[in-house]
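Everything below concerns the one structure shown next.
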Amino acid sequence: MSPSNPLVHPSLNTLRQRARAIREVHRFFTERGYLSVETPQLRAWASMEPHLDSFRCEQVYPDGRVRPVYLHTSPEYAMKGVLALHGVPIYQLATVFRNNEGSRTHNAEFSLIEWYRPGEDYNYLMNETEALVMALAATFSPGRAASWAEHEVPWLAPFERLTVEEAFRRHTGLSLSELGELSDFCAAVQALGYNVDASWTWDDLFHLVVLEHIEPHLGAERPTFLCDYPARLASLARLKPSDARFAERFELYVGGLELCNGFSELVDQAEQRKRFEAEQQERSRLGKEVLDLDPTLLSALEALGDCTGNALGFDRLMMLLLGLSQIEEVRVT
4 MSPSNPLVHP SLNTLRQRAR AIREVHRFFT ERGYLSVETP QLRAWASMEP
54 HLDSFRCEQV YPDGRVRPVY LHTSPEYAMK GVLALHGVPI YQLATVFRNN
104 EGSRTHNAEF SLIEWYRPGE DYNYLMNETE ALVMALAATF SPGRAASWAE
154 HEVPWLAPFE RLTVEEAFRR HTGLSLSELG ELSDFCAAVQ ALGYNVDASW
204 TWDDLFHLVV LEHIEPHLGA ERPTFLCDYP ARLASLARLK PSDARFAERF
254 ELYVGGLELC NGFSELVDQA EQRKRFEAEQ QERSRLGKEV LDLDPTLLSA
304 LEALGDCTGN ALGFDRLMML LLGLSQIEEV RVT
């Protein structure tokens, strides 16, 4: 991706609006009983996700010892430790870091609103995410639609909820539930006009179709939650008790722009270890650093009960609320 534009800066008015929005975020969560927490940005273990790249640093001790450490790509692992220890709703407006990022919607350093609530699931959190977004829209974008990628999207509640299966049927005519075999999926994608072959994985094909055929249409008429992802893309989400082919995971889109990624959290330590090991294998396939599993997160899962969590891109949301088109226009870079 291209680097951010060093010639673009936020206006003074935008900085004032951003500061006000931060106050509103804190007010929203405080009124709902959340505790504000701060977790370390520098950690001994990196995110395992194959398509995220952490900044790797070296920590030097006074005795000369050196160990690798990583800037966090999300406060998720550390926040789950806090949640396991204290069991109360928590949130954080965090600065996070992701290497190999740079476009008008990506920056290597950006802000996430991340929060966790025990005893609830992803349906509760979609409702709460909608309430947060609508509260900010009422303050910063009253009577004005969000403009993005040729879409004019009114801030209308309730937000649409569209399953991944429904999205595939609507925008490609394909039934994802019938494409569990790699060969079948590959043939279906070839029929859409793409030159793919046996070197492509199932996940590669999924992301290609979503990026090219589905994502541009999501949230075109009103904000839309894309939910119930295939189990193989569950990440840190639990599977649906009613249908284990799918995971209780959602993303929010406005005008084709992704704003958040939320789950009913997986709290099964053995299953999470298995998923991490699969991610290690995928990182190896992609030629990336194979990372150690985070033992503190795996230990925390033993103490976690049912809970739900979400990470929402604060900078992207501010872009939409203020009618701006580049991430550098809403944060100092």
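Everything in the sequence shown is counted per the working numbering, starting at 4 for the first residue and increasing by one.
Virtual Cβ for every residue (Gly too), placed ideally from N, Cα, C.
Look at Asp-271 here: in three-state DSSP terms it is coil, with no helix or strand label.
Leu-262 has its alpha-carbon roughly 19 Å from the corresponding atom of Asp-56. Under DSSP, no beta-bridge partner is assigned to His-75. Counting C-beta pairs closer than 8 Å gives fewer than three between the stretch 184-197 and the stretch 144-151, which falls short of the contact rule.
Around the Cβ of Val-69, a 10 Å sphere holds fewer than 16 other Cβ atoms; the residue is exposed. Here Thr-336 carries a coil assignment [DSSP, helix/strand/coil]. Taking C-beta atoms as the reference points, Thr-175 and Ile-330 fail to come closer than 9 Å. Assignment of Thr-98 by DSSP, reduced to helix, strand and coil, places it in the strand class. Excluding five sequence positions before and after Asp-66, none of the CB atoms of its chain fall closer than 7 Å to its own CB. For Arg-288, the number of other beta carbons within 10 angstroms of its own is below 16, and it is reported as exposed.
Put simply, the stretch 216-233 touches the stretch 249-260. At least three CB pairs are less than 8 Å apart.
For Leu-128, same chain residues with a beta-carbon under 6 Å away, outside a window of 5 residues either side, are Gly-265, Thr-311, Asn-313 in chain order. Excluding residues up to 5 positions away in sequence, Cys-189, Val-192, Gln-193, Leu-208 lie with their Cβ nearer than 7 Å to the Cβ of Val-199 in the same chain.
Here the stretch 8-25 makes no contact with the stretch 70-87; the two share fewer than three CB pairs at distances below 8 Å. The Cβ atoms of Glu-285 and Arg-59 do not sit closer than 9 Å to each other.
With contacts defined as CB atoms closer than 9 Å, Pro-53 and Arg-334 fail to qualify as a contacting pair.
The alpha-carbon of Thr-299 is positioned some 36 Å away from that of Pro-226. The beta-carbon separation of Leu-307 and Glu-274, rounded to 13 Å, does not stay under the 8 Å limit for a contact.
Look at Thr-132 here: in three-state DSSP terms it is helix. For Phe-58, there is no enclosing alpha helix (DSSP H); the residue is found in the beta strand (DSSP E) stretching over 58-63. Under the three-state reduction of DSSP, Gly-84 is assigned to helix. DSSP assignment within the stretch 290-320 yields the following whole beta strand (DSSP E) runs of 3 residues or more, N-terminal first: 310-316.
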